[in-house]
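Chains as they are written, first to last, in our numbering: chain A, 1 to 348; chain B, 349 to 696.
C-beta: ideal position from N, C-alpha, C; glycine also.
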């Protein structure tokens with residue numbers, strides 16, 4: 001797991017020694033953090049803002065495979081996934097707690113790698129690590145992160161605010177994280193057969209990064225503020241465009257039409273999809289893990305949104321009775337389908 | 349797991365159906381909860397109070413054994429453990445988030461049992477369930493709960509405030525949860541050999557309840573307020589009196605003397621310890637999971653504390669140079685020892 005040679009058993013430090021070791025370099029960055037790690041609970045202060053709270057659980061074998069996910073990347077991504085949910089509320093993340101259950105196969109050095117990733121994400125997004133729990137597990141690694149952020153009441157954007165005629169917009173491009181995962185899984189299979197063969201990853205750096213080191217789009221929240229646009233509804237794309245847009249439509253009691261030829265795809269996503277004989281649209285609709293923001297804005301903002309290189313208008317909101325549809329390049333109307341995990345599929 | 353006969357596969361509901369199913373009856377109890385489950389994040393409001401945040405992770409095979417822990421009790425206890433940390437800050441819990449990773453061996457009915465316990469604890473302690481994550485796992489069950497509470501800045505009690513000459517006090521009695529666990533493990537071994545033999549639990553209802561359905565001592569926080577006493581330092585006893593008192597002493601840079609003959613033990617704890625040929629003092633010092641509150645108060649409150657049936661003065665705070673000691677009935681001075689989990693011991 002760790003590429004250093006030294007392997008210190010967790011038992012050499014014990015629980016309290018381990019906590020001290022992992023938290024000794026933490027410096028508080030936010031005024032709202034009055035007390036971080038080291039007591040029964042952290043103490044925060046938000047007299048003038050509303051607080052948003054979100055949490056995610058990642059388990060080995062389901063959300064990540066340590067065969068091809070470096071622990072540092074895993075730590076980084078685990079934080080980013082939660083910050084993405086805070087940004088999706090149009091809020092700014094300030095604190096996280098990190099809990100982990102780990103088996104004795106992990107060394108102190110491996111945990112240091114994981115924490116290096118966690119700390120790096122905290123650094124990049126200006127977030128304080130204020131608490132957590134480190135506990136043994138009989139099997140593998142489970143990570144649970146809770147993120148806390150702030151926003152004024154007026155700024156907070158719910159899934160439920162979309163209105164008929166709103167523009168449906170996304171940031172960045174979609175499907176890359178899914179194609180990156182396909183690439184990693186392919187190379188992992190090759191490695192199992194022939195451990196001496198070098199992985200063929202060249203030319204696919206972007207989709208690998210989308211899978212291994214995604215970023216949360218805090219810059220989009222800032223940009224929208226700068227443009228004077230408050231989205232009517234917003235969600236981050238974690239399950240895939242299809243599911244996440246359906247969440248907005250269900251919560252807002254509206255329908256939507258989005259257009260196949262408008263969905264933003266990166267060149268590498270298209271190229272690797274072609275190599276695997278997959279339609280890249282499927283990766284965008286159902287792949288998930290892109291952590292882009294999906295939002296709806298009033299029609300009047302069309303010109304402003306259009307000018308932003310990073311935003312794409314992919315469709316519009318309709319009456320609920322019209323359903324949630326994809327309009328293909330050929331003009332066919334195809335109902336969107338929700339994904340989400342399926343315990344039978346993922347879990348034997 | 350569940351004692352109903354119907355077993356609905358999780359896959360029949362899918363992720364979003366399962367979330368709807370588990371959260372459909374939630375009613376918001378606190379004004380500070382503006383938005384609970386159903387968006388990217390919950391939204392809370394604490395304009396006049398400080399916020400305390402704490403989190404715990406429980407894993408199957410380490411923190412609980414489903415052979416003898418009913419799922420409803422597990423859900424209840426998982427919540428209580430976190431609320432106990434909030435009370436230990438002298439604060440009042442208001443919200444929780446609940447994340448779980450579960451394998452396909454669990455049915456919807458089993459999850460309903462678990463949630464019945466979680467909801468029952470929320471009901472009893474007036475807490476809102478405002479978010480979470482439900483996700484597959486390859487093996488067993490992991491539960492991660494975060495609790496959020498409120499207090500005025502003056503009321504918050506840290507581990508670091510103990511002063512020399514303070515009285516060391518505990519609520520309730522100690523060691524019961526540990527002896528309850530020994531009893532359950534003994535009966536589980538008997539059951540494995542002879543499944544037809546009825547478990548011998550009679551007369552030990554109290555220690556069983558201490559293990560299976562502990563309560564968090566919010567009543568102690570209330571009582572101290574009523575008595576006009578603000579502890580200088582406070583912690584909840586989750587790892588055992590010894591470790592938790594050492595946390596206070598380390599954080600407060602003080603020492604302590606506690607007295608063997610003052611440590612409160614219930615009759616059933618003593619009785620079952622005798623049956624197993626264990627010193628019940630060891631259960632109190634190192635057993636953990638009692639979730640009583642351990643606190644220090646200025647000497648002037650001695651008479652007030654003495655009058656309260658539920659409080660016991662077990663010793664006093666000394667200079668750090670004197671160390672952290674147990675004074676035995678015979679007058680010997682024995683240094684306290686920290687426990688915490690040991691990954692090698694618990695985890696093969």
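Hey, could you find the ends of the alpha helix (DSSP H) residue i is sitting in?
i, result
"residue 178 (chain A)", "176-193"
"residue 700 (chain B)", "Residue 700 (chain B) lies beyond the range of chain B shown here (349 to 696); nothing can be said about it."
"residue 575 (chain B)", "566-575"
"residue 306 (chain A)", "302-307"
"residue 210 (chain A)", "205-212"
Taking the beta strand (DSSP E) that residue i belongs to, which residues open and close that run?
i, result
"residue 316 (chain A)", "311-319"
"residue 271 (chain A)", "Taken as a continuous stretch (DSSP letters only), residue 271 (chain A) belongs to no beta strand (DSSP E), being part of the alpha helix (DSSP H) at 267-276."
"residue 433 (chain A)", "Absent from the model: residue 433 (chain A). The displayed extent of chain A is 1 to 348, so no value can be given."
"residue 521 (chain B)", "Element bounds for residue 521 (chain B): n/a, residue is neither H nor E."
"residue 135 (chain A)", "128-136"
"residue 259 (chain A)", "254-259"
"residue 682 (chain B)", "681-683"
Applying the criterion that 16 or more other CB atoms from any shown protein chain within 10 Å of the CB defines a buried residue, is residue i buried or exposed?
i, result
"residue 547 (chain B)", "exposed"
"residue 681 (chain B)", "exposed"
"residue 629 (chain B)", "buried"
"residue 203 (chain A)", "exposed"
"residue 691 (chain B)", "Note that residue 691 (chain B) has pLDDT 41, beneath the 50 cutoff, so the model's placement of it is unreliable and the number below is only indicative. Buried, by the Cβ-count rule."
"residue 225 (chain A)", "exposed"
"residue 3 (chain A)", "Confidence at residue 3 (chain A) is low in this model, with a pLDDT of 48, below 50, so the placement of that residue should be treated as unreliable; the coordinate-derived value is given next. So residue 3 (chain A) counts as exposed."
"residue 47 (chain A)", "exposed"
"residue 290 (chain A)", "buried"
"residue 580 (chain B)", "buried"
"residue 274 (chain A)", "exposed"
"residue 9 (chain A)", "exposed"
"residue 219 (chain A)", "exposed"
"residue 362 (chain A)", "There is no way to answer for residue 362 (chain A), as the model of chain A reaches only from 1 to 348."
"residue 683 (chain B)", "exposed"
"residue 667 (chain B)", "exposed"
"residue 337 (chain A)", "exposed"
"residue 590 (chain B)", "buried"
Quick check: is any heavy atom of the ligand SAM less than 7 Å from the C-beta of residue i?
i, result
"residue 628 (chain B)", "For the ligand SAM, the structure offers nothing, since it holds no ligand at all."
Just list the residues that DSSP pairs residue i with in beta bridges.
i, result
"residue 236 (chain A)", "A:293"
"residue 443 (chain B)", "B:476 and B:496"
"residue 448 (chain B)", "B:482 and B:491"
"residue 167 (chain A)", "A:297 and A:316"
"residue 33 (chain A)", "A:44"
"residue 590 (chain B)", "Partner(s): none; residue 590 (chain B) has no beta bridge."
"residue 508 (chain B)", "Bridge partners of residue 508 (chain B): none, in fact."
"residue 468 (chain B)", "Paired residues: none, contrary to the question."
Give the interface partners of residue i over in chain E, defined as CB-CB distance under 9 Å, in chain order.
i, result
"residue 53 (chain A)", "Protein chains A and B are contained in the structure displayed, whereas chain E is not."
Mind listing which residues of the region 308-319 of chain A have their C-beta closer than 7 Å to chain B's C-betas, in chain order? none
Give me the subset of the region 406-418 of chain B whose CB atoms are less than 7 Å from a CB atom of chain A, sorted by chain position. 407, 409 and 410
Could I get the ranges of all uninterrupted beta strand (DSSP E) runs contained in the region 387-432 of chain B, with 3 residues as the minimum, in chain order? Fully enclosed beta strand (DSSP E) runs of 3 or longer: 390-393 and 398-407.
At a Cβ cut of 9 Å, what residues of the region 545-574 of chain B count as close to chain A, listed as they run along the chain? none
Given a limit of 8 Å on CB to CB distance, which residues of the region 38-50 of chain A reach chain B? 38, 39, 40, 41, 42, 43, 44, 45, 46, 47, 48 and 50
Which of the residues in the region 355-383 of chain B, read from start to end, lie with their CB under 8 Å from any CB of chain A? 357, 358, 359, 362, 363, 364, 382 and 383
Within 7 Å of chain A by C-beta, residues of the region 471-489 of chain B in sequence order: Contact residues of the region 471-489 of chain B toward chain A are 478, 479, 480, 481, 483, 484, 485, 486 and 487 (C-beta to C-beta distance below 7 Å).
Residues, ordered as in the chain, of the region 151-162 of chain A that lie near chain B by beta-carbon distance below 7 Å: Per Cβ criterion, the list reads 156, 158 and 159.
In chain order, what residues of the region 431-443 of chain B put their CB closer than 9 Å to some CB of chain A? 432, 433, 434, 435, 436, 437, 439 and 443
Please list, in chain order, the residues of the region 164-194 of chain A that have any C-beta partner in chain B closer than 8 Å. none
Using a Cβ cut-off of 8 Å, which residues of the region 671-687 of chain B contact any Cβ in chain A, in chain order? Those residues of the region 671-687 of chain B that come within reach of chain A (Cβ to Cβ, closer than 8 Å) are 686.
Which residues, in order along the region 106-119 of chain A, keep a beta-carbon less than 7 Å from a beta-carbon of chain B? Listed by position, the residues of the region 106-119 of chain A near chain B (Cβ gap below 7 Å) amount to none.
Along the region 226-238 of chain A, where does the CB come closer than 7 Å to a CB of chain B? Name the residues. 235 and 236
Using a beta-carbon distance cut-off of less than 9 Å, what residues from the region 620-637 of chain B approach chain A? none
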